[in-house]
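Residue numbers 162 to 276, in the numbering used here, belong to the letters of the sequence shown in order.
C-beta atoms are modelled at their ideal positions from N, C-alpha and C, and glycine is treated no differently.
Taking it in order: structure first as structure tokens, then the write-up.
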Amino acid sequence: MSNVDVSRLTYAELMELSRELEVQIAAKRGEELKVLVDGFAKKLEAAGFTVTEGVEALRPYLSAPGRQRGASGQAAPVLYRDPANPENTWSGRGRAAGWLATYEAQGRRRDEFKV
């Protein structure tokens, strides 16, 4: 990659360059994605699968990790509640809720908020 000296460009010129780069990046991203998808489709067909079967096999990857609920489909019970705003709750699972982390940073103890 060649080194381009942009230190002498004005703010307006840098902003224009930034906009042009965003367009170029989006175009390249689309091109590279197409190459990957075409290759994937060819590999599927070579292995005796249809593209539709490949897309269906990818469905589990579409849901965001960590956002799925347990097998029962029920939310975990509330274990902690913010006294200043009772709508702020935390089940005690995963990373501490932001409101609780703020209180803890102020020196308060977690068990003060236990339900």
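Where the alpha helix (DSSP H) containing residue i begins and where it ends
| i | result |
| --- | --- |
| Phe-210 | Careful: Phe-210 lies outside any alpha helix (DSSP H) and carries neither H nor E. |
| Tyr-264 | 259–266 |
Candidates the options, of which the one nearest residue i by Cα
| i | options | result |
| --- | --- | --- |
| Gln-235 | Arg-190, Glu-214, Ser-252 | Ser-252 |
| Asp-243 | Lys-195, Phe-274, Leu-219 | Phe-274 |
| Pro-238 | Val-276, Ala-245, Arg-269, Gly-259 | Val-276 |
| Val-216 | Ala-202, Ser-224, Gly-268 | Ala-202 |
Own chain residues within Cβ distance below 8 Å of residue i, not counting five before or after
| i | result |
| --- | --- |
| Thr-213 | none |
| Leu-178 | Val-167, Leu-170 |
| Ala-257 | Trp-251, Glu-265, Arg-271 |
Residue burial classification, residue i (beta-carbon count within 10 angstroms, cutoff 16)
| i | result |
| --- | --- |
| Tyr-264 | buried |
| Leu-175 | exposed |
| Tyr-172 | exposed |
| Met-250 | Looking at the sequence provided, one finds Thr at residue 250 rather than Met. Thr-250 comes out buried. |
| Tyr-241 | buried |
| Leu-261 | buried |
Residues near residue i in its chain [Cβ-Cβ closer than 6 Å; skip 5 each side]
| i | result |
| --- | --- |
| Lys-189 | none |
| Val-165 | none |
Below-8 Å beta-carbon distance, residue i vs any chain D residue
| i | result |
| --- | --- |
| Glu-273 | Chain labels in this structure do not include chain D; a single protein chain is all it has. |
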